[in-house]
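Asker:
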Amino acid sequence: MPDGGAGQKFENPVTITIDGREIVAEQGDMLLQVALDNGIEIPHYCYHPKLSIDGSCRMCQVKTGAPKLAIACNTPVADGMEVDTQSEEVAKARRGVMELLLINHPLDCPICDQAGECYLQDYSYGYGRADARTTSPRRKGVKRHPIGPRVVFDQERCILCRRCVRFTSEISKTNELRVFGIGDHSHIGTAPDAPLDNDYSINTADICPVGALLSSDFHHKRRVWFLEETQTVCPSCSKGCNVKVGMFKNEIQRLVPRRNDEVNETWMCDHGRLHYAFAQDETRLRDAVVRGESSNGTVPVVPLDKALEDAAGRIKSTADEHGAAAVGILGSGALTNEELYQLAAFARAVGTPNVDVPVPTGEADGFLIQAEKVANARGAREMGVVPGDGGKDASGILAGAAAGDIKLLYVVDARSLLAASDAEAVQAALDGGATLILQDANVSELTDKAAVLLPGQVWVEKDGTFTNHEGRVQRIRRAMTPAEGSYCDGGIFTRLSALLAGTDPSAARFDARATLAEIAEKIDGYAGMTFERLGSLGVKLGDAAPAPAPAEPESEEGSAPAEPA
Amino acid sequence: MAPVLPEALRERIVAEFPKYPEKRAVLLTALHFTQETFEGWIPKETVPEIAALLELEPIEVWEVVYFYAMFNSEPVGRCHVRVCTNLSCCLRGARPLMRRLEELLGVRPGEVTEDGRFSVGEVECLGSCGTAPVVQINNEVYRENVGIDDLPGLLDELRQRLDARDAEGESEG
Amino acid sequence: MTEELRLLLPSGDENWSSLADYESNDGYAAAKKALQSMKPEDVLEEVKASGLRGRGGAGFSTGMKWSFLPKDGRRPRYIACNADESEPGTFKDRQILERNPHKLIEGLLIAAWANTIDAAYVYMRGEYRGPYENLVTAVDEARAAGYLGKNILGSGMDFDVYVHRGAGAYICGEETGLMESLEGRKGQPRKRPPFPAVSGLWKQPTVINNVESMAHVPHIVLKGSEWFKAIGKEKSTGTTIFGVSGQVMKPGTYELPLGVPLREIIFEHAGGLRPGRSLKAVIPGGVSMPVLTADMAMEVDMDHDTLQKAGTLLGTGAIIVMDDTSCVVRAAIAIARFFRHESCGQCTQCREGTGWLHKLMKSVEAGTATLEDLDTIDEITSFMEGHTICALSDAAAWGSGWFVRRFRSDFEAHVHQGGCPFEGTSFEI
Amino acid sequence: MAVRVVKVDREGLAKAAGPLSARAIATGLSITARHFFRNLWGWIVGKPTIATVMYPEEDVVKPPAFRGMPVLVEMDNGKERCVACGLCEWACPVDCISITPDETEDAIERYPQVFDIDMGRCMYCGLCEEACPEEAIVMSDRVEIAAFSRAATLWHKDDLLVPVDRLARRLEYVRRGYER
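Protein chains in written order, with our numbering: chain A, 3 to 567; chain B, 384 to 556; chain C, 1385 to 1813; chain D, 15 to 194.
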């Protein structure tokens, strides 16, 4: 839930009483949402805060003083309303709904992916009856039907709450799902030759309160109660959708969206959700490599610290021989703000103005999917990973390498570079004879061409922050334990900077928290930002700045130094 | 692909538009017309065209087709004979009537006779309770106070009518 | 014996479908009176004062319903006329549509005058092909004669009537289900609020009335509310068309004042039972309404108050009679099956409850039920009553549930005997 | 950890027990002696009444309540009954079960692609059996599972499968448990 509660302001406040507790709410808001906002549980199936009200499951019935029970989801609150959610009449109505929903629901919880996060299971314990009064055969329907390329449908489990139907008509606006038939033959379906296939289709599995719609990717993969979930941010574009990463034995099992009304509401795109294999598949680079003259065919693996020394040596000698501007640095928008800040520091240590972050771009859809296909392109700009005075931008650096002006190319994240640049320009740059130092987490066409290969880490192994396209700074959290002995990209930069400065690299550990403190001090808009202040939902640039301190009369000098934060 | 909806049918549908503030309201009427044109059912290919005509998504037409009992998404016999089996008709012998009808035609509900001429079905109350039992033919005509003995005569009459229509079709063709 | 009163229908086999026939029987006189000499408010007051109650089943005051329309001048405003007569046992509106369609058109015209209506849509059930053609012809005739169209009867009012066909769904007789269907959607009832008077057809103010209710309007306006109130009983004024079906000698429709004893309708107008038979059960208002035992049926008068006191409702005045050969469990199965078939599938209780009731009723008939199952039936009906968007769930619960309550011994006999004691003698379902 | 030595007052204990303990010792010895001589006599005359089971040449029939190693029920078609629901994995207090579920084309769409029990860790508590909603994992009467390596204490699905008819007694016992 978004922050609110205490500081909430109402235009037309009314006072209602729920189970004897007085609650102030906005006139006309629906009772169910008011109750949920105030931590009062009213069970419900068809209601979803981001969809229109359907009012058909009848689970949220409460006593409001009217002769009949009212459905809380469609009852506007009015001043003086007294609500009872606990009486025997309400309990009986809920018991009735539960029993009626269950007479035709299959008892296949043991093979249902929803088990463990299923409304039907939870409410059955909370509000249902212990025994079954019918033994007659349950309704048959299609099972594990691929209703779309990324969603599996089990008709028998469906309770016809129509959340998915409303999702495809109101959110994705693709209208693939409808209820066909009438009465107890009603079922969710698609039109002939029009499967559930849109960029947001797996959200239907998230909002399905039961196991009727399931993500094909997660199907039969892991019981949800084994998942360790970490709150983080999706790295697939600059929207910065808030997600939870579900891990099992240090492997990502799934990504699911988490609610942030300022960013992704409660949705995420299918691409982002399914784009995580790179963190754990065979394309991950784990070993540091230094290629000399004599490696003849074998891959010369060295300890990472050795590779760092070698890389620093090459950078130093190139700078000494050809000037610092002969070094070109291409960073990555996949890194955290803190890492990018250290990248900028590293570039300053090298002394080259030729620094840039190539940003891969693609289609935007006006909803969640943004054109910038990395999470932190905005952060890279904010952190100053941009060409210095007279420096070259990404294409300039590639052209410089092709022309022989750039003698050493330091590339972070080759896949970003390749996606953002013209293939011929990259090839020409490589042909130009520059030494390639590659810091990367995954195999690419450039991997084999690097003189020094420094294995990096991926977002899910890091702590830090991303700045999304509209300048919202959000926390990412480590969910996966990185390989022993590896450094995150920020750690590689701090060590290289130390090596260049001639200090002890082992003392140059990267500390995301401390770096953020430094960013907060030095970079506009980030003032006041700490991990705690960002919380789980993030803060927009400028919004964390502490309120201007009141004049301090007790100060001996009479006034505080007028240093901008 | 060539359009499936005949031009005459299209015109008939379009002629209904002025009656309503929204084109969508013509949907049920359009489906009735389509069913009349295609011998009692709504072929799959017509749906996208009806949808386009009414500025709807095809799925919005499908959900309506599947909701209403009078619309058939599968072929039925050219004479679709249905017996009301609600309470008032059952009180006056609708069930034996239905059974006899199935015997005479050799089909069960949901089946079509081999020559494609007849299919049978049960139907909910047709509003003919005072003249029960009632038999409905092709969503159109009611036959009221039908006794078991009336059935063979009724079927003969229907067969003759189909023959006449066939002859008419041939002479036109 | 109470005389049949011919307010709605011509007598005998007469048919006033043609405009000429209708006009020669005081046709459109009321419309002329209203449009040319009465203010809309006065017409509304007259209808309100007449005590006319809706004839569609719920029995709500027609005048009151009209007065719920907002006074904010929002246009267009519509009449949705409910001719989706699908309640089993009911066939009264069909008589008006087939034999006196201009009566309905005139009623609509007066209602339009009283409520500043722009158009009326008559939603007729799809199966009524004959009545549909008949009404469409009548509407065309009326339009040609200037009763519909622009500046009707010089009053300055523009108004037209359109006839719309449904497609076989009982739920479209529910007022908001009807509106959904008329707009070209599935006929699933809308949740309230908003109410149809404020946001009905195409989100515009809409008044919705049954065919018979509308057909009563002309003679109320013509002869006055006092005259109308004098017919029937205090809170059940006027006549209605009682449809009698089932095991009587002369099933059919009888237009009688409200408050006629049920016994008189069955035994005098409808010719009584077959020789040698005695009465077993009577449903007084269509299968939605609680059934009456023979003893109860002999006592009641057919008006709203008396029937309510007797534990049932007038509904559509559709009387279904069962004699002593009839197995009440079978009747309950037929009713449960109907509601299972016709539940729109929106609300949990109705969608699942109607199916479960039907299964349980069948198991009673098959002899596989237990006494606990009879209690379960009772509890399911309590889950279904008053807990859903529309009243179909209540109807389903009442229609078959009250059979168990009022004929418990018959149901228990099925349980004890392991099957139907009337096997071979009772009707088949 | 430092060791603390406690002095035990045995004299006091003996005093507390008193002459009673001497009688108890005598009773016990007499029973032992009686059995010894009876068995000796039986052995001499060729009618041994000895109660000792000569394991491993002999074995006892264990009662159905006996909890040996957990095994998987194999159905008549040769497949496991297990649907990889993971409840035993969750219930196991020593984390000795690990399952990798997968999908099949069978009527029940889910099965354990991998089902491993680390018998080196298993403590025979039977919670897996209790948690199982499918009667797919039961405690067998098997206890001889010693192995020469750590690796050999890891039992895989194929090793764990036991035909359902050989587990009938235990399954019946389990079902009686539900009824209670």
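Virtual Cβ for every residue (Gly too), placed ideally from N, Cα, C.
Sorted by chain position, which residues of the same chain lie with C-beta nearer than 6 Å to Thr517/A's C-beta, five sequence neighbours on each side aside?
Answerer: In the first sequence, residue 517/A corresponds to position 515, counting from 1. Taken in chain order, the residues that qualify are Glu340 and Tyr343.
Asker: On the DSSP bridge list, what partners appear for Gly1630/C?
Answerer: Position 246 of the third sequence, counting from 1, holds the residue named residue 1630/C. Answer by DSSP bridge pairing, in chain order: Val1705/C.
Asker: Check whether the segment 1457-1470 of chain C touches the segment 1390-1401 of chain C, counting contact only when three or more Cβ pairs, one atom from each stretch, lie closer than 8 Å.
Answerer: Taking 8 Å as the limit for Cβ pairs, the verdict is that the segment 1390-1401 of chain C does not touch the segment 1457-1470 of chain C.
Asker: Ends of the beta strand (DSSP E) at Lys1664/C?
Answerer: Along the third sequence, one-based indexing puts residue 1664/C at 280. Residues Leu1663 to Ile1667.
Asker: Distance cutoff 8 Å, beta carbons only. Does Arg124/D sit that close to anything in chain A?
Answerer: Numbered from its first residue, the fourth sequence carries residue 124/D at position 110. Closer than 8 Å: yes.
Asker: On the DSSP bridge assignment, give the partners of Ala1503/C in chain order.
Answerer: As a working note, residue 1503/C is residue 119 in the third sequence. DSSP, once it has assigned bridges, lists Tyr1462/C and Asp1544/C as partnering Ala1503/C.
Asker: How would you call Gly1660/C, buried or exposed, if buried means at least 16 neighbouring beta carbons within 10 angstroms?
Answerer: Reading the third sequence from its first residue, position 276 is the one you call residue 1660/C. Only exposed fits Gly1660/C, as fewer than 16 other CB atoms lie within 10 angstroms of its CB.
Asker: Could you tell me which residues DSSP puts in a beta bridge with Asp130/D?
Answerer: In the fourth sequence, residue 130/D corresponds to position 116, counting from 1. Answer is Ser112/D, bridged to Asp130/D.
Asker: Pull up the DSSP beta-bridge partners for Tyr1638/C, would you.
Answerer: Residue numbering aside, residue 1638/C sits at position 254 when the third sequence is read from its first letter. In DSSP, Tyr1638/C forms a bridge with Phe1626/C.
Asker: Quick check on Trp1586/C - is its C-beta less than 8 Å from some C-beta in chain B?
Answerer: Against the third sequence, residue 1586/C aligns to sequence position 202. Taking Cβ atoms only, chain B reaches closer than 8 Å to Trp1586/C, which makes this a yes.
Asker: So with Cβ pairs under 8 Å, would you call Lys70/A a contact of chain C?
Answerer: Within the first sequence, residue 70/A is the residue found at index 68, counting from 1. Yes, Lys70/A counts as interfacial toward chain C.
Asker: Runs of 4 residues minimum, wholly inside the segment 178-226 of chain A: which ones carry the alpha helix (DSSP H) assignment?
Answerer: 205-209
Asker: Does any C-beta atom of chain A lie closer than 8 Å to the C-beta of Arg1724/C?
Answerer: Here residue 1724/C is taken as the residue at index 340 of the third sequence, counted from 1. At least one beta carbon of chain A lies nearer than 8 Å to the beta carbon of Arg1724/C.
Asker: Could you work out which residue in Leu1741/C, Ala1750/C, Pro1641/C and Arg1724/C is closest to Ala1553/C when comparing CA atoms only?
Answerer: As a first step, residue 1553/C is located in the third sequence; it is residue number 169 there, counting from the start. Comparing Cα positions, the closest option is Arg1724/C.
Asker: How would you write the range of the beta strand (DSSP E) that Thr1590/C sits in, first residue to last?
Answerer: Start at 1 with the first residue of the third sequence, and residue 1590/C comes out as number 206. Going by DSSP, Thr1590/C is part of the beta strand (DSSP E) stretching over Thr1590 to Asn1594.
Asker: Between the segment 86-96 of chain D and the segment 164-178 of chain D, are three or more C-beta pairs nearer than 8 Å?
Answerer: yes
Asker: Which runs of the beta strand (DSSP E), 3 residues or longer, sit entirely within the segment 1701-1774 of chain C?
Answerer: List check, beta strand (DSSP E) in window: 1702-1707.
Asker: Whole angstroms are fine: how far does the CA of Gly1557/C sit from the CA of Asp1814/C?
Answerer: Because chain C is modelled from 1385 through 1813, residue 1814/C falls outside the range shown and cannot be assessed.
Asker: Does the beta-carbon of Ser499/A have 16 or more other beta-carbons within 10 angstroms, so that it is buried, or is it exposed?
Answerer: In the first sequence, residue 499/A corresponds to position 497, counting from 1. Ser499/A is buried by the Cβ-count criterion.
Asker: Could you check what DSSP says for Gln116/A in three-state terms: helix, strand or coil?
Answerer: Position 114 of the first sequence, counted from the first residue, corresponds to residue 116/A. Gln116/A: coil per DSSP, three-state reduction.
Asker: Find the nearest neighbour of Leu33/A within the set Thr87/A, Gly333/A and Pro69/A, judged by alpha-carbon distance.
Answerer: Taking the first residue of the first sequence as 1, we reach residue 33/A at position 31. Checked all of Thr87/A, Gly333/A and Pro69/A; the closest Cα to Leu33/A is Thr87/A.
Asker: Ser1727/C to Gly1561/C, Cα distance in whole Å?
Answerer: Mapped onto the third sequence, residue 1727/C falls at position 343. Mapped onto the third sequence, residue 1561/C falls at position 177. Take the alpha-carbon of Ser1727/C and the one of Gly1561/C: they are about 11 Å apart.
Asker: Quick one: measure Cβ to Cβ for Leu437/B and Leu410/B, integer angstroms, because I've assumed they're closer than 8 Å.
Answerer: Taking the second sequence and counting its residues from 1, the one referred to as residue 437/B is at position 54. Taking the second sequence and counting its residues from 1, the one referred to as residue 410/B is at position 27. About 6 Å separates the two Cβ atoms, so the contact holds.
Asker: How far does the beta strand (DSSP E) with Gln255/A in it reach, from first residue to last?
Answerer: Against the first sequence, residue 255/A aligns to sequence position 253. Looking at the DSSP string, the run of the beta strand (DSSP E) that includes Gln255/A is Glu253 to Pro259.
Asker: Nearest CA to the CA of Thr1386/C: which residue from Ile1650/C, Gly1438/C and Glu1567/C?
Answerer: Here the question's residue 1386/C lines up with position 2 in the third sequence. Cα-wise, what sits closest to Thr1386/C is Ile1650/C.
Asker: Is the segment 366-374 of chain A touching the segment 382-394 of chain A, taking contact as three or more C-beta pairs under 8 Å?
Answerer: no
Asker: Answer yes if the segment 101-116 of chain D comes into contact with the segment 67-82 of chain D, meaning at least three C-beta pairs across the two stretches below 8 Å, and no otherwise.
Answerer: no
Asker: Tell me the rounded alpha-carbon separation between Glu432/B and Thr496/B.
Answerer: Taking the second sequence and counting its residues from 1, one reaches residue 432/B at position 49. Taking the second sequence and counting its residues from 1, one reaches residue 496/B at position 113. Spanning the two alpha carbons is a distance of roughly 30 Å.
Asker: With a threshold of 7 Å on Cβ separation, who are the neighbours of Glu558/A within its own chain once the five nearest residues in sequence on each side are excluded?
Answerer: On the first sequence, residue 558/A is found 556 positions in, with the first residue counted as 1. In this predicted model, Glu558/A has a pLDDT of only 42, less than 50, meaning its place in the structure is not dependable; the value taken from the coordinates is given anyway. Around Glu558/A: no qualifying Cβ.
Asker: Output, in sequence order along the chain, the residues in the segment 210-239 of chain A whose CB is closer than 8 Å to any CB in chain G.
Answerer: Considering every chain present, this structure includes no chain G. Its protein chains are A, B, C and D.
Asker: Who are the neighbours of Pro115/D on chain A, taking C-beta pairs under 9 Å?
Answerer: Start at 1 with the first residue of the fourth sequence, and residue 115/D comes out as number 101. Those within 9 Å of Pro115/D in chain A are Ile113, His222, Lys223, Arg224 and Arg225.
Asker: Give the residues from the segment 409-425 of chain B that approach chain C closer than 8 Å (Cβ to any Cβ), ordered along the chain.
Answerer: Per Cβ criterion, the list reads Val409, Leu410, Leu411, Thr412, Leu414 and His415.
Asker: In whole angstroms, what is the alpha-carbon distance linking Asn1605/C and Val1427/C?
Answerer: Walking along the third sequence from the start, residue 1605/C turns up at place 221. Walking along the third sequence from the start, residue 1427/C turns up at place 43. A small fix is needed here, since residue 1605/C is Val in this sequence, not Asn. Each residue's Cα considered, the two are about 7 Å apart.
Asker: Which two residues bound the contiguous alpha helix (DSSP H) that contains Ser499/A?
Answerer: Translated into positions along the first sequence, residue 499/A becomes position 497. Element bounds for Ser499/A: Asp491 to Ala503.
Asker: Using a C-beta to C-beta distance shorter than 8 Å, which residues of chain A count as neighbours of Glu148/D?
Answerer: In the fourth sequence, the residue the question calls residue 148/D occupies position 134. Chain A residues near Glu148/D: Pro112.
Asker: Counting pairs of beta carbons, one from the segment 127-142 of chain A and one from the segment 256-267 of chain A, are three or more of them closer than 8 Å?
Answerer: Taking 8 Å as the limit for Cβ pairs, the verdict is that the segment 256-267 of chain A does not touch the segment 127-142 of chain A.
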